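Going letter by letter, the sequence shown gives residues 240 to 893 in my numbering. Where a beta carbon is used, it is the ideal one built from N, C-alpha and C, also for glycine. Quantities reported herein were computed from a predicted structural model and do not represent experimental measurements. Scroll down for the structure; my scribbles are underneath it.
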Amino acid sequence: MHSFYPSLSLRDRLLLIALLILTGAVYWPGLSGFFVFDDFGNLVDNAAFKPEALHAHFWAALWSSDSGPTDRPLSMLSFALQGWFTGLAPWPLKLVNLLIHLVNGVLIFMLSHAVIKFVWCETGRAHQSTRWLISPNTLALLVTAAWLLTPMQLTAVLYIIQRMESLSSFFVLVGLLLYWQGRMRLLDGKKGGWWRILVGLVGCTGLAVFAKETGVMLPVYAFLLEWVLLRGRTEDGFSIRLLGLFILVLFLPGVLGVLYTLPSAINGTAYAGRPFDLAQRLWTEGRVLIDYLHWIGAPTPYALSLYHDDILPSTGWFAPWTTAASWAFIVVLITAAIWLKNRAPLFALGVLWFFAGHALVSTYIPLELAYEHRNYLPSWGVYIALFGLIFAWVPKSVERRDILRTLTLSGMLALISLYAGSTALRAKTWGDPFRLAFFEATTHPESVRANYDLARILLTAATNASSPSYQMGMKQMEKTASLPGAGIQPVQGLIFMAAKFHQPIASKWWTQLQTRIKTQPISSAGIASLYKLIDCGINGTCSYSAEDKTALERSLNLAVSLHPDDASLLTLSANFEANIAHDYSAAYALMQGAVTRDPKYFAYWQNLVTLQVAGGQLSEAKVGIERMTELNAKGIHNAAIAAAKQALAKKGGQ
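Below is the structure:
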């Protein structure tokens, strides 16, 4: 009989509860922190999460994220529900993230126990438990403790928007446990195995993907469990149905996904907004993966960070030389895992699990180079491999075995204690926005984002141009703008803050802005920065002189001339012409260009209709509203369409 549910003694149950309490205590100081980085774009500055909008059009918030192809509605639903009851206060949002992490810890324990107990039984040692240094229950507890308490998990908990990662991982773990339970029933010849397998692989994958696209890796993880441990066996022998199932849920979708995403990566269009190309990303990811292994297994306080934009891309196998060395080490690890699959299955599973977990986010997809939260589930593989290898080797001598057990168990407990202490210190840093910004900028002095955050926090605290906070903030922002790889954002920060506090805007800043528009790819952050310069001029926050307005217009025209097919830039320029330069005809022509280049984007049609109504082009506006209605399949733009119809009616349109 293959037991699925762990058989735990009272001691083991109490230890698991104590571990969860310890994890909560370690993270507790970090709950008092504030929003960071992508939290602002997805939640704080998201119009759908404003209290009046959320209560009037709740379901619109579910589809208000532009993150990934699915918009991640399940994650956004969780934020919307909290927003409905508690607003966007960061403390409750972080608390729910912590609770999800604790629940995931229980699921990790169940998966660890199931895998370890299966290996223990299948190696014929069920009647000789002393042949392992520790029991499967204890080993599962150690793996779970390391996974819960490692400082690498912190950004998946205290970085609010990364609930997307932990929530997706929750569905992945539930799916894997359902799959494992179904497989145990097939091995024992019991009924009900196949529906559990199908719900786990198909249903939970769908739920995980709608929380975050990394949930698509669930069938990959299940395949590793099958290939390394279960090997297609049932009570009746090898099951060809399992092979067919993985062809349907893994192989065919994987091939289609590659065929859909790879061409744009190869021809370079997917990398248009990145400061590196496909080859440079692939070279660099070898170094990044080795960094991940280091940070997971032996993290150092100064290595871990919210931002890793100070990692320079590799430009060749030996530029730097660690590129080739890293990829060589990865090949050795994967080869060793495959070679030891039968003799050290936990090591093999763990190594393959880690690298499979990065098959989506650390290969050709044009994502940023490194983020710690990408290791939330892959890091389990590191601990199952490391602890499984350490505790599975046993000397023949009973005396030596007892000594080795004491030494290794003490060493692993010391390591986990170090994890807990490091995470507690890091959580305390995250509990204060200024402390976090100062720590990140001082430990990662070449990180543009870390330095920008420190400058932003200093400037946010400024009340006038003579305050020390303003002076320090502007100096910090100038330092950020001078860093290698600095883009539009820090220059925009200098212009914005000077205009906000009625200070002269240095002409060199406009020159820097135009130089970076000319020499660097236009990223989404750069476009957002240009939008802020326009918006603050419209709402009266910034006081622009005539020369400044001319310089801003010149900057926008330069961006459009270099990227004539970028609909978002055309929209920005149209916004400037309509609301600052008050040139209606120029604004209208630009918005027509935007909808021509991206006719399926609702906001562009909304802007065009606004201009048409304002300019008295009522018949054209009516056609535009019809197009807006066609693009409102999810019903999330009902309020915008109603407002457009009302504006049209006031002008005498039908």
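Counting contacts by CB-CB distance shorter than 8 Å, is residue i in contact with chain C?
i       : result
Val-570 : In summary, chain C is missing from the structure at hand, where a single protein chain is found.
How about residue i and residue j: are their beta carbons less than 8 Å apart?
i       : j       : result
Gly-269 : Leu-397 : yes
Leu-752 : Ile-727 : yes
Thr-523 : Pro-552 : yes
Leu-378 : Phe-630 : yes
Arg-229 : Pro-390 : For residue 229 there is no data in the structure shown, the boundaries of the chain being 240 and 893.
Ser-408 : Pro-538 : no
Val-448 : Thr-647 : no
Gly-432 : Ile-761 : no
Gln-851 : Ala-860 : yes
Ile-773 : Phe-815 : yes
Gly-428 : Glu-361 : no
Leu-616 : Val-411 : yes
Leu-599 : Val-455 : yes
Leu-406 : Ser-271 : no
Leu-336 : Arg-402 : Here residue 336 is Asn; the residue named in the question, Leu, does not match the sequence. Yes.
Trp-669 : Leu-393 : yes
Tyr-783 : Gly-732 : no
Ala-624 : Phe-568 : no
Using the beta-carbon count (16 or more within 10 Å), is residue i buried or exposed?
i       : result
Asp-305 : exposed
Tyr-418 : buried
Ser-768 : buried
Phe-477 : exposed
Ile-642 : exposed
His-340 : buried
Lys-333 : buried
His-612 : buried
Glu-894 : Nothing about residue 894 can be reported from this structure: the residues present for the chain run from 240 to 893 only.
Ala-257 : exposed
Arg-674 : exposed
Thr-835 : exposed
His-533 : exposed
Leu-487 : exposed
His-366 : Annotation note: pLDDT 43 at His-366 (below 50); position unreliable, coordinate value reported separately. It counts as exposed.
Phe-324 : exposed
Glu-865 : exposed
Ser-855 : According to the sequence shown, residue 855 is Gly rather than Ser. It is exposed - the Cβ of Gly-855 has fewer than 16 other Cβ atoms within 10 Å.
Thr-562 : buried
Tyr-499 : exposed
Thr-369 : For Thr-369, the predicted model reports a pLDDT of 44, less than 50, meaning its position is unreliable and no value from the coordinates is stated.
Asn-846 : buried
Pro-723 : exposed
Ile-260 : exposed
Thr-789 : exposed
Below 8 Å on the Cβ atoms is my contact criterion, and I expect residue i with residue j to pass it. Report the Cβ-Cβ distance as a whole number of Å.
i       : j       : result
Leu-346 : Leu-254 : Contact doesn't hold; Cβ gap of about 17 Å is too wide.
Ser-601 : Leu-528 : 6 Å
Gly-620 : Gly-589 : 4 Å
Gly-451 : Glu-404 : Here residue 451 turns out to be Lys, not Gly, going by the sequence shown. Correct: roughly 6 Å between the Cβ atoms.
Phe-276 : Leu-698 : Wrong, their Cβ atoms sit about 17 Å apart, outside the cutoff.
Ala-385 : Tyr-658 : 6 Å
Thr-444 : Gly-414 : 6 Å
Cys-781 : Ala-738 : 4 Å
Ala-883 : Met-867 : 7 Å
Tell me, please, which residues DSSP counts as bridged to residue i.
i       : result
Arg-472 : Phe-477
Gly-326 : DSSP output for Gly-326 lists no bridge partner at all.
Gly-555 : Ala-558
Between residue i and the ligand GDP, is there a pair consisting of the residue's CB and a ligand heavy atom that are separated by less than 7 Å?
i       : result
Asp-837 : The ligand GDP is not part of this structure, which contains no ligands at all.
Please specify which runs of the alpha helix (DSSP H), each continuous and at least 4 residues long, are wholly inside the region 612-663, giving them in chain order. Within the region 612-663, the complete alpha helix (DSSP H) runs of at least 4 residues are 617-631.
Just to confirm the assignment: which complete alpha helix (DSSP H) runs, minimum length 4, are found wholly within the region 705-792? Inside the region 705-792, DSSP marks whole alpha helix (DSSP H) runs of 4 or more residues at positions 707-721, 727-739, 746-758, 763-777, from first to last along the chain.
Ignoring anything shorter than 4 residues or poking outside the region 497-582, list the alpha helix (DSSP H) runs there in chain order. Scanning the region 497-582 from its first residue to its last, the whole alpha helix (DSSP H) runs of 4-plus residues come out as 517-536, 561-578.
Which runs of the alpha helix (DSSP H), 4 residues or longer, sit entirely within the region 422-456? Those alpha helix (DSSP H) runs which fall completely within the region 422-456 and span 4+ residues are 432-437, 443-450.
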